[in-house]
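Residues in the sequence shown are numbered consecutively from 870, following this note's numbering. Note that CB positions come from ideal geometry on N, CA and C, so glycine has one too. To start, the structure under review is shown below, and the notes come after it.
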Amino acid sequence: MTNIKLYSFKLLLIALISNIVFSQTCVAQYSLEKFSGKLNIPLNKEELISTVQKIPKNEAYMLLKDSQKLAGSIISNYKDKFTYRNRIASERNLKKMIKTVNRLNFHYNVKGNFYSNCSENTIAYTVNIPKFKNDIWICPMALIQTKEKVAQFIIHEVAHLAFRASECRATYIEVLTLTTQSEISDPLRNEPYWKMCKTEKLISKKLKAFN
Ligand SMILES: [Zn+2]
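Encoded structure:
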């Protein structure tokens, strides 16, 4: 190969690799735009920011740690009782999720700053990059919720991280693990996903099978 041909070949290779990398970089956001359930929703963005700014840093840290612990115990309890013949929430997938929950790395701040993929309606997000396989970006809206609600968001995000669950699968696992336990009596409904993924139907079918 001449030098010019070799150079263009290298360029083509770089273009191909970066195309693969970028096409796989997708962001999984947990948004609150069409939610039903009890949540702490401020009047506007200014109120959200000023509420978050009043939270002491160690309090935010404890909220995330407690929620992480709760999310871990919810997934473990579910795994020990119900994984039989459950393809999506299989024992293998749940084990992967527990491993990920224990290794979670939270990006959060109490300055009221928004990370690049946070809006005032976003709770949290993950990015599909191997380097960030244990990372969750916590948006200001998450820091003003109860640990039970944050645990719900964590279970959803961890399904994305642990085995690249689609939105439907992540929603299904989140709702299934929560409804089979008494710790959280009123899981939130993420309306667009519930409709699109037929979550309610799938869950009631699965619950009947367990009984
Ligand atoms: Zn999601």
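Distance between ILE1042 and PRO1061, taken at the CA atoms: about 16 Å. Contact between TYR899 and TYR994 holds: CB atoms are separated by about 7 Å, below the 8 Å threshold. Of all C-beta pairs linking the stretch 1018-1031 to the stretch 915-931, fewer than three are shorter than 8 Å, placing the two stretches out of contact. Looking at the DSSP output, ILE918 sits in no beta bridge, so it has no partner there.
For THR1015, the closest alpha carbon among the candidates LYS948, ALA940, GLY981, SER936 is that of SER936. Here ASN955 is buried, its C-beta having at least 16 other C-beta atoms within 10 Å.
Sixteen is the threshold: when 16 or more other Cβ atoms of the shown chains lie within 10 Å of the Cβ of ILE1007, as they do, the residue is buried. For the pair LEU1030 and ILE1072, the CB atoms are not nearer than the 8 Å cut-off. Here the alpha carbons of LYS907 and ARG1058 stand approximately 10 Å from one another. Ligand 1 approaches GLU1036 closely enough that one of its heavy atoms is under 7 Å from the residue's Cβ. The residue among ASN913, ILE924, LEU912 with its C-alpha nearest the C-alpha of LEU1012 is ILE924. Residues of the same chain with their beta carbon placed closer than 7 Å to that of LYS1000 are lacking, with the five preceding and five following residues left out of the count.
Residue range 960-972 is occupied by the alpha helix (DSSP H) that includes VAL970. DSSP places THR1048 outside any beta strand (DSSP E); the residue lies instead in the alpha helix (DSSP H), whose first and last residues are 1036-1048. Listed in chain order, the non-local C-beta contacts of LYS1075 below 8 Å within the same chain comprise ASN955, LEU1045, local neighbours out to five positions each way being set aside. Judged by beta-carbon spacing, PRO1009 lies within the 8 Å limit of VAL921, meaning their Cβ atoms are closer than that value. Here the C-alpha atom of SER919 lies approximately 11 Å from the C-alpha atom of ASN982. Beta-bridge partners of ASP1004 (DSSP): ASN974. Distance from the Cα of TRP1063 is smallest, within the candidate group GLU989, LEU963, CYS1037, LEU939, for CYS1037.
Counting along the chain, ALA940 sits inside the alpha helix (DSSP H) bounded by residues 926-951. One alpha carbon belongs to VAL896, the other to PHE1032, and they sit about 15 Å apart.
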